[in-house]
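To start, the structure itself, in structure tokens.
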Amino acid sequence: MLTQINPRPAATASAHMRAPALLLVCTLLLAACSKPPEKVEDIRPVRVVVLNPANADVTSELPGAVQARYESQLGFRVAGKIIARQVDVGSVVKRGQVLMRLDPKDLQLAQAQAVAAVSSAASNRDTAKADLKRYQDLRDKNFVSQAVLDAKDTAYKAAQATFDQAEAAFKGQLNQTAYATLESDVDGVVTAINAEAGQVVAAGTPVVSVARQGAKEVVVGAPENQVDKLRSSGDVQVRLWADPKQVIHGTVREVSPIADPVTRTYAIKIAIPDDTPNVKLGMTAYASFTSKTSDDAIKVPLTALLRVQDHSAVWVVEGTTVHQVRQVPVQISGQHGNEVWIQGALRAGQQVVTAGVNQLKAGQKVTILNGPEGSLPPGNAASSPPLAATAGGAAR
Numbered sequence: 001m002l003t004q005i006n007p008r009p010a011a012t013a014s015a016h017m018r019a020p021a022l023l024l025v026c027t028l029l030l031a032a033c034s035k036p037p038e039k040v041e042d043i044r045p046v047r048v049v050v051l052n053p054a055n056a057d058v059t060s061e062l063p064g065a066v067q068a069r070y071e072s073q074l075g076f077r078v079a080g081k082i083i084a085r086q087v088d089v090g091s092v093v094k095r096g097q098v099l100m101r102l103d104p105k106d107l108q109l110a111q112a113q114a115v116a117a118v119s120s121a122a123s124n125r126d127t128a129k130a131d132l133k134r135y136q137d138l139r140d141k142n143f144v145s146q147a148v149l150d151a152k153d154t155a156y157k158a159a160q161a162t163f164d165q166a167e168a169a170f171k172g173q174l175n176q177t178a179y180a181t182l183e184s185d186v187d188g189v190v191t192a193i194n195a196e197a198g199q200v201v202a203a204g205t206p207v208v209s210v211a212r213q214g215a216k217e218v219v220v221g222a223p224e225n226q227v228d229k230l231r232s233s234g235d236v237q238v239r240l241w242a243d244p245k246q247v248i249h250g251t252v253r254e255v256s257p258i259a260d261p262v263t264r265t266y267a268i269k270i271a272i273p274d275d276t277p278n279v280k281l282g283m284t285a286y287a288s289f290t291s292k293t294s295d296d297a298i299k300v301p302l303t304a305l306l307r308v309q310d311h312s313a314v315w316v317v318e319g320t321t322v323h324q325v326r327q328v329p330v331q332i333s334g335q336h337g338n339e340v341w342i343q344g345a346l347r348a349g350q351q352v353v354t355a356g357v358n359q360l361k362a363g364q365k366v367t368i369l370n371g372p373e374g375s376l377p378p379g380n381a382a383s384s385p386p387l388a389a390t391a392g393g394a395a396r
């Protein structure tokens with residue numbers, strides 16, 4: 001008997017294999033017909049401030065230190081080996097007080113040699129003087145000629161000159177011996193020790209620094225774009241880091257004509273009253289200079305500045321409905337605290353970005369968080385830090 005084979009299972013298997021393929025084809029067709037996803041535009045939120053002319057005095061604050069107006073670098077006037085140091089840094093000294101001593105042995109030997117030379121010259125002078133006196137008596141009696149008397153007179157004068165020379169050399173050597181002791185030439189305080197006992201120093205090498213008591217000054221470094229303006233400042237307000245509540249009124253005494261080779265700043269020395277209390281040498285100080293602004297100077301928060309290569313710039317917001325930013329180069333004409341005075345191609349009424357300046361690029365679209373006058377919306381007032389309303393106003 002023959003058994004009939006049913007072909008349905010094979011057909012069913014083929015149908016099962018076609019189903020995933022059909023599903024894949026439908027998926028590809030749907031993907032081809034669908035639209036590509038829209039690109040989300042990068043719009044950054046920023047805070048701005050409205051520009052107004054500063055129309056006020058510019059106050060620039062520079063750090064510095066308290067120094068003595070007069071400070072001497074003292075050194076020995078002769079070479080030698082230091083055998084004693086009798087002061088320390090901070091020692092208060094009086095005029096004539098001994099600071100250091102050199103080994104005087106060689107100088108004392110030279111002094112003894114000078115004494116012997118004086119004695120020898122004095123003996124020769126006395127002998128020549130006695131000979132001259134004796135020959136004068138013989139000449140009076142006509143026992144010797146005038147030529148012989150003149151020769152004795154010349155010999156005496158030469159002996160006298162030799163004696164004077166030896167005596168002058170002795171006095172000079174006496175001074176040299178005295179120079180082995182270094183004394184302070186003023187009343188003051190020792191600010192530096194540059195040599196120690198046992199060290200051999202050359203003549204004139206500074207070994208001790210002494211600051212004169214009394215007159216003090218504050219020395220600050222001014223950048224080259226402000227030095228000319230600060231030179232003409234009148235009253236300068238100085239505050240000490242140790243006592244910021246104390247305001248000291250000083251005046252510009254000296255402006256260095258040469259920039260420091262390391263810091264590239266110009267040293268400005270500010271004289272302060274001698275009777276100012278609680279001012280010690282080396283204290284950190286801050287000097288505030290006040291000068292008139294230029295007609296086009298504008299005050300903005302320090303956070304509005306952007307450093308671009310070798311210059312500063314700000315972002316200006318343009319547009320009414322769609323806001324975009326444009327970079328504008330500026331020059332800094334003054335700074336005080338967190339505010340700076342700038343000059344550039346800016347005008348009153350423009351909006352300048354004050355937060356997020358490093359995240360922007362030219363032409364980028366932005367949304368303004370605060371209102372056109374620099375005030376935050378009511379809903380953000382509690383959660384966001386306060387911002388300055390305008391860039392104008394008087395300097396602090």
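Numbering (UniProt numbering), first residue to last: 1 to 396. For each residue, glycine too, the CB sits at the ideal point set by N, CA and C.
Would a C-beta distance cut-off of 8 Å place residue i and residue j closer than the cut-off?
i	j	result
Ser184	Arg101	no
Glu71	Arg212	yes
Ala304	Val353	yes
Ala203	Ala166	no
Ala130	Phe163	no
Val238	Ala287	yes
Val93	Gly234	no
Leu174	Gln111	yes
Val48	Gly349	no
Gln91	Val201	Here residue 91 turns out to be Ser, not Gln, going by the sequence shown. Cβ atoms of Ser91 and Val201: not closer than 8 Å.
Val66	Val279	yes
Let me check understanding here. Comparing Cα to Cα, which of the options lies closest to residue i?
i	options	result
His311	Val330, Tyr135, Ser120	Val330
Val98	Ala178, Thr205, Gly337	Ala178
Pro301	Val357, Leu281, Asp274, Ile272	Val357
Lys361	Gln213, His249, Ala65, Val316	Val316
Ile82	Lys129, Ala180, Glu167, Asp164	Ala180
Thr197	Gly80, Val352, Arg47, Val353	According to the sequence displayed, residue 197 carries Ala and not Thr. For Ala197, the nearest C-alpha among the options comes from Gly80.
Pro104	Phe76, Asp88, Val93, Ser123	Phe76
Lys299	Pro45, Val48, Asn52, Ile43	Asn52
Thr367	Thr320, Val308, Thr205	Thr320
Asn223	Ala215, Pro206, Ile258	As written in the sequence, residue 223 is Pro, which differs from the Asn given in the question. Among Ala215, Pro206, Ile258, the Cα nearest to that of Pro223 is on Ile258.
Where does the unbroken beta strand (DSSP E) through residue i begin, and where does it stop?
i	result
Tyr266	266-272
Leu240	235-240
Val115	Per DSSP, Val115 belongs to no beta strand (DSSP E); it is in the alpha helix (DSSP H), 105-140.
Lys365	365-368
Gly214	No beta strand (DSSP E) contains Gly214, which DSSP labels as neither H nor E.
Leu102	98-102
Ser72	71-75
Gln351	351-355
Gly344	339-344
Gly80	80-85
Thr181	181-183
Quick one: grab the DSSP three-state call for residue i.
i	result
Asp228	helix
Glu196	coil
Val262	coil
Thr320	coil
Leu302	helix
Ile43	coil
Gln327	strand
residue 439	Because the chain here runs from 1 to 396, residue 439 falls outside it and cannot be looked at.
Gln335	strand
Gln359	helix
Ala287	strand
Am I right that residue i and residue j are in contact with their C-beta atoms under 8 Å? What's the rounded C-beta distance?
i	j	result
Val255	Tyr266	6 Å
Ile268	Leu230	6 Å
Ile270	Val218	4 Å
Gly344	Val322	Incorrect: roughly 24 Å between the Cβ atoms, too far for contact.
Thr284	Pro63	7 Å
Thr276	Gly221	22 Å between Cβ atoms; not a contact.
At which residues does the alpha helix (DSSP H) containing residue i begin and terminate?
i	result
Thr162	146-178
Is there a C-beta anywhere in chain C that falls below 8 Å from the one on residue i?
i	result
Ala128	The structure shown has no chain C; it contains just one protein chain.
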